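Novice:
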Amino acid sequence: MAFGEFLITIYIFVLAVFVGFEVISKVPPTLHTPLMSGSNAISGITIVGALIATGDNNTSTTLIGIIAVVFATINVVAGYAVTDRMLKMFRKK
Amino acid sequence: MQENLINLSYLISAVLFIIGLKMLSSPKTARAGNFYSALGMLIAIVATLFEKEIISYQFIIIGLLVGSIIGAFISVTVKMTEMPQMVGLLNGFGGLASTLVGVAEYIKQYPNLNFYETSTIILTIAIGAITFSGSMVAYGKLQGIVSGQPITYPFQKIFNLLQFLVVIGGSIFLLFHPESYIWFIVIGVIAFILGILLVLPIGGADMPVVISLLNSYSGMAGCAAGFVLSNYCLIITGALVGASGIILTQIMCKAMNRSLTNVMFGAFGKKVEEASSVGTSKQIAVQGYTPDDASIVLESASLVIIVPGYGLAVAQAQHNVRELAEILEKKGVEVKYAIHPVAGRMPGHMNVLLAEANVPYDKLYEMDAINPEFERADVALVIGANDVTNPAAKNNSKSPIYGMPILEVEKAKTIIFLKRSMAPGFAGIENELFLLPKTMMLFGDAKDTVVKLVNLLK
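Top line first, the protein sequences correspond to chains A and B. Quick note on our numbering: the first sequence kicks off at 254 and runs consecutively. Quick note on our numbering: the second sequence kicks off at 91 and runs consecutively.
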């Protein structure tokens, strides 16, 4: 990877960290548990890498990839579903 | 062309994640926000399936199916009280997936890895493995499989430091000799052990901090995997989650007046025996009251502030407490709930437990909002909470919880404690409020007592 390309990646990373701090500091304490389970589901985005590893034509990476896909999918599905389950319960009088 | 479309989809995903998190700023929009976020994930997954590197699909479909079934099963069966260990478990799964992505990429590129690839793969594997094993221990502690007591042994810190140095040394060696896979395995294994050893000495009371921190790690592991694959979507998303976990960690540390270093290495709550022996000698002095006494006080109050603690959730008394509050409200009593940031076993846990019992969220007040109100409260009704009301945090510099911000129940005209016994709280400390003349102690199971109160007030 060329250095210029690497620099762009760093740019994106740094800006994303700022966006994250900005957005998440506005979440009220009452929603901190759904925030954790929801952001947890988002961190399952690593599934993208797992899918690429599985679909590749190489037996060992496919094997490792499929395990990664299973765990990442559990992370994503359970994370979103349980967050929805919790948020459904929050209601005003 | 196809490549551009895929990248465009990733951008849309990232935007949806940010919008989803932004909508979490209010309970009104939060549920829709979670939906947008899930939609973003779906778009990212579908887009990835069009990547030209993916040749066969049968294993992908199997993996997605198996994961979805297990995930759906977990999400339906988990109890709201078990939310902390579930988040811990899922953090671990995310970390493991990131580690495996790193390993697969190493195998794929082997043995021709450049400096950039080697360093990012090491980071992914190390952070992912620590997240995985640390989360499993946290899960075990919260689930009661592993002792909630801090586990310590001689030379712990030196041993951990040594392992850390081996990881650093090995990483530097690998940067120049990326083909020596033995070192890759060594780093992965040590990171795994390190994750276990870092969480074992941390006491159960500090688990909210640990879970928040591991949440952050799982994001960082995903972020590192993004650097490995040069995938902007992973980098952005990982950074968002990393930031979220760090903010929650800071909030939790502040709520307990502890530094992160102290939580990580302090083995808090270890000296319980000493404190509890003092408690038993004092037990004689404490006078127990009956629910009848309490119901008279509650009925004649104009403002009652309920302070729920984890003991309430353990007794599954949320629904009964809501019923009690509704009866009091019908009698013209104003009822508010005071929520301490560490009332549950994770950030915001108590709010979820009360929401489950249909307590409207606008009746729940944060510590800073409710503390000035205790002065005009006739009754502070403390149910299954102890440490978060203990004035020792303010006036006893020797107390282990000294400096922790507390709910100022001592300012209320009457304090009613619903408590199982005189046993000290989670942090293992006595509460001097029990001995005050204006305090009424109601001993027994929280649920039974609340049910009795409900029947008396009906």
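Just so it is clear, CB atoms sit at the ideal spot from N, CA and C, and this is done for glycine as well. No experiment lies behind these values; they were computed from the predicted model shown.
Does any residue of chain B bring its CB to less than 8 Å from the CB of Tyr333 of chain A?
Specialist: Position 80 of the first sequence, counting from 1, holds the residue named residue 333 of chain A. It does; some Cβ of chain B falls within 8 Å.
Novice: Since Gly178 of chain B and Leu265 of chain B should fall inside the 8 Å C-beta cutoff, what is the C-beta to C-beta distance between them, to a whole number of angstroms?
Specialist: Here residue 178 of chain B refers to the residue found at position 88 of the second sequence. Here residue 265 of chain B refers to the residue found at position 175 of the second sequence. The Cβ separation is near 33 Å, so there is no contact.
Novice: Please confirm whether Ile336 of chain B and Ser306 of chain B have their CB atoms less than 8 Å apart.
Specialist: As a first step, residue 336 of chain B is located in the second sequence; it is residue number 246 there, counting from the start. As a first step, residue 306 of chain B is located in the second sequence; it is residue number 216 there, counting from the start. Yes, the pair counts as a contact, with Cβ atoms nearer than the cut-off.
Novice: Starting from Tyr196 of chain B, trace the alpha helix (DSSP H) in both directions and tell me its first and last residue.
Specialist: Along the second sequence, read from residue 1 onward, the residue named residue 196 of chain B stands at position 106. Looking at the DSSP string, the run of the alpha helix (DSSP H) that includes Tyr196 of chain B is 173-199.
Novice: DSSP on Phe533 of chain B, reduced to helix/strand/coil?
Specialist: Counting from 1 along the second sequence, the entry for residue 533 of chain B is found at position 443. Residue state, collapsed to three classes: strand.
Novice: Can you give, in chain order, each stretch of the alpha helix (DSSP H) that sits fully within the stretch 286-331 of chain A and has at least 4 residues?
Specialist: Those alpha helix (DSSP H) runs which fall completely within the stretch 286-331 of chain A and span 4+ residues are 300-308.
Novice: Span of the beta strand (DSSP E) holding Leu454 of chain B?
Specialist: What you label residue 454 of chain B is simply residue 364 of the second sequence in a count that begins at 1. That run of the beta strand (DSSP E) goes 454-456.
Novice: Would the stretch 249-259 of chain B count as touching the stretch 188-208 of chain B if we require 3 or more Cβ pairs under 8 Å?
Specialist: Verdict: no, contact absent.
Novice: Counting only C-beta atoms, is Ile241 of chain B closer than 8 Å to chain A at any point?
Specialist: By 1-based counting over the second sequence, the position of residue 241 of chain B is 151. Answer no: the Cβ-Cβ gap between Ile241 of chain B and chain A never drops below 8 Å.
Novice: Express the C-alpha separation of Val168 of chain B and Asn97 of chain B in angstroms, rounding to a whole number.
Specialist: The residue labelled residue 97 of chain B in the question sits at position 7 within the second sequence. The residue labelled residue 168 of chain B in the question sits at position 78 within the second sequence. Their Cα atoms are separated by approximately 36 Å.
Novice: Determine, for Gly257 of chain A, whether the minimum Cβ-Cβ distance to residues of chain B falls below 8 Å.
Specialist: Here residue 257 of chain A corresponds to residue number 4 of the first sequence, with the count starting at 1. No, Gly257 of chain A does not count as interfacial toward chain B.
Novice: With a threshold of 8 Å between beta-carbons, can Leu260 of chain A be considered close to chain B, or not?
Specialist: For the purposes of this step, residue 260 of chain A is taken as residue 7 along the first sequence, with counting starting at 1. No, Leu260 of chain A lies away from the interface with chain B (no Cβ there is under 8 Å from its Cβ).
Novice: Of all Cβ atoms in chain A, is any one closer than 8 Å to the Cβ of Ser349 of chain B?
Specialist: Within the second sequence, the letter at position 259 stands for residue 349 of chain B. Not an interface residue.
Novice: Cβ closer than 7 Å: which chain B residues qualify as neighbours of Thr315 of chain A?
Specialist: Here the question's residue 315 of chain A lines up with position 62 in the first sequence. Correct list: Phe149.
Novice: Quick check: the Cα distance between Thr539 of chain B and Gly438 of chain B, rounded to an integer number of angstroms?
Specialist: The count along the second sequence starts at 1 and reaches residue 539 of chain B at position 449. The count along the second sequence starts at 1 and reaches residue 438 of chain B at position 348. Roughly 26 Å separates the two Cα atoms.
Novice: Should Leu155 of chain B go down as buried or exposed, given a rule of 16 or more other Cβ atoms within 10 Å for buried?
Specialist: Numbered from its first residue, the second sequence carries residue 155 of chain B at position 65. Answer is exposed; the Cβ neighbour count stays below 16.
Novice: Taking C-beta pairs closer than 7 Å, name the residues in chain B that Thr307 of chain A reaches, listed in chain order.
Specialist: As a position in the first sequence, residue 307 of chain A is number 54, starting the count at 1. Chain B residues near Thr307 of chain A: Phe149, Ile150, Gly153.
Novice: Give me the Cα-Cα distance between Ile133 of chain B and Val276 of chain A, rounded to the nearest whole angstrom.
Specialist: Position 43 of the second sequence holds residue 133 of chain B. Position 23 of the first sequence holds residue 276 of chain A. Rounded to whole angstroms, Ile133 of chain B to Val276 of chain A spans 22 Å at the Cα level.
Novice: How is Tyr379 of chain B classed by DSSP in three states: helix, strand or coil?
Specialist: Your numbering for residue 379 of chain B matches position 289 in the second sequence. Three-state result, Tyr379 of chain B: coil.
Novice: From Leu324 of chain B to Phe259 of chain A, what does the alpha carbon distance come to, in whole angstroms?
Specialist: Position 234 of the second sequence, counted from the first residue, corresponds to residue 324 of chain B. Position 6 of the first sequence, counted from the first residue, corresponds to residue 259 of chain A. Roughly 15 Å between the two C-alpha positions.
Novice: What residues of chain A sit near His439 of chain B, judged by a beta carbon separation below 7 Å?
Specialist: Translated into positions along the second sequence, residue 439 of chain B becomes position 349. Thr286, listed in chain order.
Novice: What does the Cβ neighbour count give for Pro201 of chain B, buried or exposed, with the cut at 16 atoms within 10 Å?
Specialist: Here residue 201 of chain B corresponds to residue number 111 of the second sequence, with the count starting at 1. When all chains shown are included, Pro201 of chain B counts as exposed.
Novice: With a CB to CB cut of under 8 Å and the five nearest residues on each side skipped, what residues in its chain are close to Leu268 of chain A?
Specialist: Looking up residue 268 of chain A in the first sequence gives position 15. If we look at Leu268 of chain A and ignore the five residues flanking it on each side, it has no Cβ neighbours.
Novice: Mapping the DSSP letters down to three states, classify Leu203 of chain B as helix, strand or coil.
Specialist: In the second sequence, counting from the first residue as 1, residue 203 of chain B sits at position 113. Looking at Leu203 of chain B - three-state DSSP - the assignment turns out to be coil, as it is neither helix nor strand.
Novice: Assess, as a yes-or-no matter, whether the stretch 329-337 of chain A is touched by the stretch 208-218 of chain B under the definition of 3 or more beta carbon pairs within less than 8 Å.
Specialist: With the cut-off at 8 Å, the stretch 208-218 of chain B and the stretch 329-337 of chain A do not touch.
Novice: Against chain A, does Glu363 of chain B count as a neighbour if the rule is that its beta carbon must be under 8 Å from one of theirs?
Specialist: Within the second sequence, the letter at position 273 stands for residue 363 of chain B. Unreliable positioning characterises Glu363 of chain B in this predicted model, as indicated by a pLDDT of 39, which lies under 50. The coordinate reading is nonetheless provided below. No, no contact with chain A.
Novice: To which residues does DSSP link Ala470 of chain B through a beta bridge?
Specialist: Numbered from its first residue, the second sequence carries residue 470 of chain B at position 380. In the DSSP output, where bridge partners are listed per residue, Ala470 of chain B has B:Ile395, B:Ile505.
Novice: Let me check understanding here. Comparing Cα to Cα, which of A:Ile320, A:Val301, A:Pro282 lies closest to Gly153 of chain B?
Specialist: For the purposes of this step, residue 153 of chain B is taken as the residue at position 63 of the second sequence. Nearest of A:Ile320, A:Val301, A:Pro282 to Gly153 of chain B, Cα basis: A:Ile320.
Novice: How would you label Thr242 of chain B, buried or exposed, when you count the other beta carbons within 10 angstroms and need 16 or more for buried?
Specialist: On the second sequence, residue 242 of chain B is found 152 positions in, with the first residue counted as 1. So Thr242 of chain B ends up on the exposed side.
Novice: With a cut-off of 8 Å on the beta carbons, I'd call Ile301 of chain B and Met436 of chain B a contact; round off their distance for me.
Specialist: Position 211 of the second sequence, counted from the first residue, corresponds to residue 301 of chain B. Position 346 of the second sequence, counted from the first residue, corresponds to residue 436 of chain B. Yes, they are in contact, since the Cβ atoms of Ile301 of chain B and Met436 of chain B sit about 5 Å apart, within 8 Å.
Novice: Cutting at 7 Å between CB atoms, please list the residues of its own chain near Pro495 of chain B, excluding the five before and the five after it.
Specialist: Position 405 of the second sequence, counted from the start, is the residue given in the question as residue 495 of chain B. The residues are Ala345, Asn347, Met457.
Novice: Buried or exposed for Tyr264 of chain A, going by 16 or more other Cβ atoms inside 10 Å?
Specialist: Start at 1 with the first residue of the first sequence, and residue 264 of chain A comes out as number 11. Looking at its Cβ environment, which holds fewer than 16 other Cβ atoms inside 10 Å, Tyr264 of chain A is exposed.
Novice: With DSSP as the reference, identify every bridge partner of Glu446 of chain B, one or two as the case may be.
Specialist: By 1-based counting over the second sequence, the position of residue 446 of chain B is 356. Paired residues: none, contrary to the question.
Novice: Counting along the chain, where does the beta strand (DSSP E) carrying Val425 of chain B start and finish?
Specialist: The sequence position of residue 425 of chain B within the second sequence is 335, counting from 1. Note, Val425 of chain B: beta strand (DSSP E), 424-429.
Novice: Closest by CA to Gly302 of chain A, which one among A:Phe324, A:Pro282, A:Ser290?
Specialist: Residue mapping note: residue 302 of chain A aligns to position 49 of the first sequence, counting from 1. Nearest of A:Phe324, A:Pro282, A:Ser290 to Gly302 of chain A, Cα basis: A:Phe324.
Novice: Compare the C-alpha of Lys542 of chain B against each of B:Ile150, B:Glu463, B:Ser385, B:Ser511 and name the closest.
Specialist: For the purposes of this step, residue 542 of chain B is taken as the residue at position 452 of the second sequence. The residue with the shortest Cα to Cα distance from Lys542 of chain B is B:Ser385.
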